[in-house]
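See structure below.
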Amino acid sequence: MTYVCLLCDAKEKIPYAVVREFDRMDEGDPSVPPMFSCEKCGAQMYPEYYKGIHGIEYRLSDMK
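The opening residue of the sequence shown carries number 198 in the working numbering; numbering runs sequentially from there.
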């Protein structure tokens with residue numbers, strides 16, 4: 198899966214299985230997808246597209 202930094206637009210590939218596991222373990226707000234930190238600048242990264250375990254679809258285009 199491709200995640201994009203919300204600050205510097207850096208892209209990072211994160212294995213789907215890792216994203217899914219983070220989603221499964223997260224007991225927080227289901228309206229927010231699993232988030233990761235940008236290795237380049239430290240800001241939050243958002244998935245280009247991800248359908249979460251609760252059926253919610255997250256799109257980077259919704260953030261911009």
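Backbone N, C-alpha and C define an ideal beta-carbon position, used for all residues, glycine too.
Source: prediction; values computed, not measured.
Item                                                                                                                                : Value
Expressed to the nearest angstrom, what Euclidean distance is found between the alpha-carbon atoms of T199 and P227?                : 20 Å
For G225, is the classification buried or exposed, using 16 other Cβ atoms within 10 angstroms of its Cβ as the cut-off for buried? : exposed
Tell me whether the beta-carbon of K208 lies closer than 8 Å to the beta-carbon of V216.                                            : no
Under three-state DSSP, which class holds M242?                                                                                     : strand
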